[in-house]
Amino acid sequence: MSLHQGRRLSALALWLFVGLVAALPPGRAGADPGPRVTENLYDAAALPGGPLWRVGAFGLISRSKDSGRTWQTLPSRTTETLFAVDFADENRGWAVGRGGLILATTDGGDTWTAQDSGTKNHLFDVDAVGPKEAWALG
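Using this note's numbering, you'd call the opening residue of the sequence shown number 2 and step up by one each time.
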């Protein structure tokens, strides 16, 4: 299994876990019902033993450093929907979305910079193939 396939399987497992948690019925009165998903999420990325990232509506990018127990919202500087995210390593990653939007980070997601995609078509997936290269699909 390639590193990319492993990351995609980890992201899929995270996505399924988040979806299952969101679908659970509320707990008993006074009991902690656990985490609830309140954002419209479209993709997640995970590195083995590393942080998790997720993207969604209104430019949402968030990161978890504790296996998804808590999430930190990161400044994307956009309100466009983001459909996919992928990381080459813990620092270098890309997010793609509506209108050909590509955002890149070199500091683990603390800051994101727009890159020219050359298209206004929506981009629905991204694959970080190396620390300086990613492929986007629209």
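Glycine is no exception: its CB is placed at the ideal position from the N, C-alpha and C atoms.
CB contact flag (residue i, residue j, <7 Å)
| i | j | result |
| --- | --- | --- |
| Gly98 | Phe84 | yes |
| Pro52 | Arg64 | yes |
| Thr80 | Gly60 | yes |
Residue i beta carbon near the ligand FMN (any heavy atom closer than 6 Å)
| i | result |
| --- | --- |
| Thr120 | The ligand FMN is not part of the structure shown, which contains no ligands of any sort. |
Limits of the unbroken beta strand (DSSP E) element including residue i
| i | result |
| --- | --- |
| Phe59 | No beta strand (DSSP E) holds Phe59; DSSP gives it neither H nor E. |
| Ala89 | Unbroken run through Ala89: none, as it is neither H nor E. |
| Leu104 | Ile103 to Thr106 |
| Glu134 | Glu134 to Leu138 |
| Gly131 | Asp126 to Gly131 |
| Thr74 | Gln73 to Leu75 |
C-alpha gap between residue i and residue j, whole angstroms
| i | j | result |
| --- | --- | --- |
| Asp117 | Leu104 | 9 Å |
| Ala129 | Ala135 | 4 Å |
| Ala24 | Pro49 | Confidence is the limiting factor: at Ala24 the pLDDT is only 48, short of 50, which leaves the residue's position unreliable, though a coordinate-based value still follows. When rounded, the distance between both Cα atoms is 26 Å. |
| Gly139 | Val127 | 9 Å |
| Thr106 | Tyr43 | 19 Å |
| Lys121 | Trp54 | 25 Å |
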